[in-house]
Structure formats: C-alpha cells, structure tokens
Amino acid sequence: MVDTNASKQPAATADRKRERGSNSFASWLLVSIVVLQIGLMAAMYVQNVQMAALGGEKTVRIQHLEEKILELQAARAAAAAKENMPCPPCEHLHEQMEKALKVVHDDFEKTADRLANSVNNLQSKVNQYGSKFDNLIKKVQNNPLLKQFGGL
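Using numbering that gives the first Met the number 0, the letters of the sequence shown map in sequence onto residues 0 to 151.
In structure tokens:
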C-alpha cells in the first residue's frame, strides 16, 4: 500500500517555512518602525532643548543691555546732581536711550513670541509623534504574529 500522506508532507513543511519567514519579516519590520519612531522622538527632544537654550541666551543679552541703560541713567542723574544745571545734550541722550530701550524691548517681545510659537509647534509635534508611537506600540503588542513568538 502506498502512503498518500508521505507525498503531502514536504509541501506542508514548505508552506510552514514560508509562513514563518513572512511572520519573521513582519515582526522585524514592526520592530524597525518602533526603533525609527524612538529615534525621531529623541531628535525632536534635542531640537526642543536647543531652541530653549537659544531663547535663554537672548534673554541674558537683553537683560545685560537693560542693565547698561540703567547704569547710564544713574550716571547721568549723578552728573546732573553735581552740576544742578539742566543739560540740553543730556536730554537728547535721554531720548535716544529711551528709543533704544524701546527697540530692544520690542525686539525681545518679537523674539519671545517666535520662541513661544516654536515651542508650541514642537510640543504639538512631540504630542503627535507620541500618540502615533502609542498607537504603534498597541498594534505591535496586539499583533498575533508577535504573540506567537512570545510578545515584547
């Protein structure tokens, strides 16, 4: 008698091997995507830290300029107190200092607004990538192929 199961076994074994190979590829693809998402989130974090440092440097420069203006005003007041005479050139200098301070202040406000917008944009992108990452993790954890291999 001829065994019919013996002729079917090599084909069934080949099908199982092909199925394992595709499962393995899908698992590696999902793991690669997760690693890529983690890398992108790390890059966004580094960019956010750099933007915050840049804003801090500008704030320090503006504070330094404001301190210099206050020193000049104090020196002018001390000189005026010694002489007790109004000095027309000093009044002109005072107006120039006020204009310069206003320009510096306006520039600071514009820079602060741009920095706030950049931080908000970065935060929304980080949140967006975070939700995508969470969804991806859920898909990976719920993947039946991955559960066959023992899960994460």
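In this text, a Cβ means the ideal position worked out from N, Cα and C, and glycines have one as well.
Predicted, not measured: the structure shown is a model, and the values here were computed from it.
Worksheet item: On the premise that residue 68 lies in contact with residue 100, defined as a C-beta separation below 8 Å, what is that separation, rounded to the nearest angstrom?
Response: The residue given as residue 100 occupies position 101 in the sequence shown. The residue given as residue 68 occupies position 69 in the sequence shown. With 8 Å as the limit, residue 100 and residue 68 qualify as a contact, their Cβ atoms being about 5 Å apart.
Worksheet item: Taking the C-alpha atoms as reference points, what is the distance between residue 64 and residue 38?
Response: Taking the sequence shown and counting its residues from 1, the one referred to as residue 64 is at position 65. Taking the sequence shown and counting its residues from 1, the one referred to as residue 38 is at position 39. C-alpha separation (whole angstroms): 40 Å.
Item to complete: Report yes if the CB atom of residue 121 is closer than 8 Å to the CB atom of residue 47, and no otherwise.
Response: Locating residue 121 in the sequence shown gives position 122, where the first residue counts as 1. Locating residue 47 in the sequence shown gives position 48, where the first residue counts as 1. Yes, the pair counts as a contact, with Cβ atoms nearer than the cut-off.
Worksheet entry | Cβ pair residue 131, residue 49 closer than 8 Å | Taking the sequence shown and counting its residues from 1, one reaches residue 131 at position 132. Taking the sequence shown and counting its residues from 1, one reaches residue 49 at position 50. Contact: no.
Discussion item. For a test of the three-state rule: what should DSSP assign to residue 22, helix, strand or coil?
Written reply: The residue given as residue 22 occupies position 23 in the sequence shown. Looking at residue 22 - three-state DSSP - the assignment turns out to be helix.
Worksheet item: If you check the beta carbons only, do residue 26 and residue 144 fall under 8 Å apart?
Response: Position 27 of the sequence shown, counted from the start, is the residue given in the question as residue 26. Position 145 of the sequence shown, counted from the start, is the residue given in the question as residue 144. Contact: yes.
Discussion item. Let me make sure I understand the geometry here. Which of 146, 118 and 139 has the alpha-carbon closest to that of residue 43?
Written reply: Stepping through the sequence shown from its first residue, residue 43 is reached at position 44. Nearest of 146, 118 and 139 to residue 43, Cα basis: 118.
Item to complete: Taking 8 Å as the cut-off, decide whether the C-beta atoms of residue 139 and residue 33 are in contact.
Response: The residue given as residue 139 occupies position 140 in the sequence shown. The residue given as residue 33 occupies position 34 in the sequence shown. Cβ distance < 8 Å, so residue 139 and residue 33 count as in contact.
Worksheet item: Taking Cβ to Cβ, would you say residue 104 is nearer than 8 Å to residue 75?
Response: What you label residue 104 is simply residue 105 of the sequence shown in a count that begins at 1. What you label residue 75 is simply residue 76 of the sequence shown in a count that begins at 1. Taking 8 Å as the Cβ cut-off, residue 104 and residue 75 do not qualify as a contacting pair.
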